[in-house]
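S.K.:
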Amino acid sequence: MKAKSEDLAIFGGTPAFSEPLHVGRPNIGNRERLLERINNMLDRRWFTNNGRYVQEFEQKLAEFTGVKHAIAMTNATVAQEIAVRAAGVKGEVIMPSFTFIATAHALQWQEITPVFCDVAPGTHHIDPNRVEDMITPRTTAIIGVHVWGAPCAVDELTEIANRRGLHLMFDAAHAIGCSYRGKMIGGFGEAEIVSFHATKFLNSFEGGAVMTNDDALANRVRYMRNFGFAGVDQVDYVGTNGKMTEVAAAMGLTSLESIDEIIAVNKANYHAYKTGLARIPGINLFTYDEAERNNFQYIIVEVDESEAGISRDLLVKVLHAENVLARRYFYPGCHQMEPYKSYYPHAGLLLPETEKLTQRVMSLPTGTAVDIGPIEQICDLVHFAVDRSQEIMAYAKQSA
Ligand code: T4K
């Protein structure tokens, strides 16, 4: 516990934690079960190419979400590339700038132009009221992103896409295990793309999946994932290699078996943060709609400098000095990253809410690797930094 400003590690005090506390520490699930599966895989000598574990993982994912097809991939980025290509998306695609760069790159990699749309004020999600302004004759699709697992405006985007004859997909990298209006994420739009990256609450080391109820699309996606093979010695499409390995699927299956326990931990952590950060001026926790199903995998805080007296960036520095490795997801926004920054140097003028949000957000450590005790300490540190904001800001000016 810090008593005076000099106790802060940024001023030379002892860090609150001797080991770094990361955002995105993987959840492991049942280690024995995982090793058993890996041993079985070694005994069977079947490592990839639509093996038994991949098929089982796909079936369990489909059951869990109530979606017809789950097509497992090496990662969500490749899954997104394959999905847009299989659906025939071309030209321009409207998507939010406030997302991980993978959403934009998956399009650009297919020589499709991402067109960045602002977030709706007070949300972290694409603003359906702005989407129509961005439609041009080259627009063929909209990609909504369920940022932090909280669903974006699915109904509004569906209405626009239907009325304007556009494809609609969702980047659901964060959203497995979450629901929208009582229905599990995975089955909205033409396809939804989920991620099982190590940092995701349900992981397969690296991995992702295309989820869809469209049989024809699922068929094309499956071929494209495997070089376009439609049968032995028969290739029908330009394909790539997006296949999930058996070891990844073994981890995915094991994670899926532990999903309830992982969510319970995430939820308890979220409530500990909610209590610990309540009533700190200018510190606003991103809240989940608890009437829906959530995975609670991200703890996101917005820092309002005018109320907190300290900027997000300085607060992140204070926390890093204490070994709390907070992250500025998603700073600075896709439109501020290359090549998009050079392509559209003035994009920020159309994205005022995104510009504001990217200056305020940070993500704090959670998951099964973080206990409630350290979370309470992190909240105390944030509280202390806000209380001492004037001294910290003065120090920052002096050392600049
Ligand atoms: N769409 C959205 C909206 C996404 O957020 C993402 C990925 C994608 C699409 C693409 O999905 P994938 O193609 O990856 O399946 C991390 C993840 O690498 C990335 O998957 C994730 N989003 C993004 C939000 O976070 P970085 O660049 O921040 O990763 P890195 O290496 O800095 O690690 C983050 C933190 O996790 C660090 O504090 C270290 C810790 N960590 C990481 C790994 C890999 C561990 O403790 N153990 C580990 O094994 O992107």
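Numbering-wise, my numbering comes out as the position in the sequence shown, counting from 1, plus 244. For glycine and all other residues, C-beta sits at the position ideal for the given N, C-alpha and C. What you are looking at is a predicted structure, and each value in this text was computed from that prediction instead of being measured.
If you draw a straight line from the C-alpha of residue 526 to the C-alpha of residue 623, how long is it?
M.R.: The residue given as residue 526 occupies position 282 in the sequence shown. The residue given as residue 623 occupies position 379 in the sequence shown. Taking the straight line joining both Cα atoms gives about 13 Å.
S.K.: If I measure Cβ to Cβ from residue 290 and keep anything under 8 Å in the same chain, skipping five residues before and after, which residues do I get?
M.R.: As a working mapping, residue 290 is identified with position 46 in the sequence shown. Excluding sequence neighbours, residue 290 sits near 296 and 490.
S.K.: Tell me whether residue 476 sits in a helix, a strand or coil according to DSSP, three-state version.
M.R.: Translated into positions along the sequence shown, residue 476 becomes position 232. Reduced to three states, the DSSP call for residue 476 is coil.
S.K.: Can you say whether residue 418 is buried or exposed, counting buried as having 16 or more other CB atoms within 10 angstroms of its CB?
M.R.: Counting from 1 along the sequence shown, the entry for residue 418 is found at position 174. With 16 or more Cβ atoms within 10 Å of its Cβ, residue 418 is classed as buried.
S.K.: Kindly confirm or deny that the segment 422-429 and the segment 535-551 touch, where touching means at least three C-beta pairs closer than 8 Å.
M.R.: A contact exists between the segment 422-429 and the segment 535-551.
S.K.: According to DSSP, is residue 571 part of a helix, a strand, or is it coil?
M.R.: Along the sequence shown, read from residue 1 onward, the residue named residue 571 stands at position 327. DSSP places residue 571 in strand when its eight states are reduced to three.
S.K.: To which residues of the same chain is residue 625 closer than 8 Å at the C-beta, ignoring the five residues directly before and after it?
M.R.: Position 381 of the sequence shown, counting from 1, holds the residue named residue 625. The answer, listed in chain order, is 246, 260, 562, 563, 566 and 568.
S.K.: Alpha carbon to alpha carbon, how far is residue 254 from residue 401?
M.R.: Residue numbering aside, residue 254 sits at position 10 when the sequence shown is read from its first letter. Residue numbering aside, residue 401 sits at position 157 when the sequence shown is read from its first letter. If you take the alpha carbons of residue 254 and residue 401, they lie about 45 Å apart.
S.K.: Which runs of the beta strand (DSSP E) fall wholly inside the segment 439-515 and span at least 3 residues, in chain order?
M.R.: With a minimum length of 3 residues, the continuous beta strand (DSSP E) runs that stay inside the segment 439-515 are 452-456 and 473-475.
S.K.: In terms of DSSP beta bridges, what is residue 415 paired with?
M.R.: Position 171 of the sequence shown, counting from 1, holds the residue named residue 415. In the DSSP output, where bridge partners are listed per residue, residue 415 has 389 and 437.
S.K.: Mind pulling the alpha helix (DSSP H) runs of 4 or more residues that sit fully within the segment 270-350?
M.R.: Counting whole runs of 4 or more residues, the segment 270-350 contains the alpha helix (DSSP H) stretches 275-288, 296-309 and 320-331.
S.K.: For residue 555, which three-state DSSP category applies?
M.R.: Taking the first residue of the sequence shown as 1, we reach residue 555 at position 311. Here residue 555 sits in coil by DSSP.
S.K.: Got a sec, what are the start and stop residues for the alpha helix (DSSP H) residue 630 sits in?
M.R.: Counted from its first residue, the sequence shown places residue 630 at position 386. Residues 616-631.
S.K.: If you compare alpha carbons, which of 267, 302, 272 and 251 is closest to residue 573?
M.R.: Translated into the one-based positions of the sequence shown, residue 573 becomes position 329. Cα-wise, what sits closest to residue 573 is 267.
S.K.: Are the segment 303-314 and the segment 376-394 touching by the rule of at least three beta carbon pairs closer than 8 Å?
M.R.: Touching, no, given that fewer than three Cβ pairs across the two stretches are closer than 8 Å.
S.K.: Would you say the beta carbon of residue 569 comes nearer than 7 Å to a heavy atom of ligand 1?
M.R.: In the sequence shown, counting from the first residue as 1, residue 569 sits at position 325. Checking the Cβ of residue 569 against ligand 1 gives yes.
S.K.: Is it true that the CB of residue 607 sits closer than 8 Å to the CB of residue 542?
M.R.: To locate residue 542, count along the sequence shown from 1; it is residue 298. To locate residue 607, count along the sequence shown from 1; it is residue 363. In this structure, residue 607 lies closer than 8 Å to residue 542 by Cβ.
S.K.: Going by DSSP, what residue range makes up the alpha helix (DSSP H) through residue 589?
M.R.: Along the sequence shown, read from residue 1 onward, the residue named residue 589 stands at position 345. Run containing residue 589: none; DSSP gives neither H nor E here.
S.K.: Please report the straight-line C-alpha distance between residue 627 and residue 384, rounded to a whole angstrom.
M.R.: In the sequence shown, the residue the question calls residue 627 occupies position 383. In the sequence shown, the residue the question calls residue 384 occupies position 140. Those two C-alpha atoms are separated by around 47 Å.
S.K.: For residue 618, which residues in the same chain have their Cβ closer than 8 Å to its Cβ, ignoring the five residues on either side in sequence?
M.R.: On the sequence shown, residue 618 is found 374 positions in, with the first residue counted as 1. So the qualifying residues of the chain are 261, 265 and 609.
S.K.: Measure the beta-carbon distance from residue 638 to residue 453 and round it to whole angstroms, keeping in mind my assumption that it falls under 8 Å.
M.R.: What you label residue 638 is simply residue 394 of the sequence shown in a count that begins at 1. What you label residue 453 is simply residue 209 of the sequence shown in a count that begins at 1. At roughly 50 Å, the Cβ-Cβ gap does not stay under 8 Å, so residue 638 and residue 453 are not in contact.
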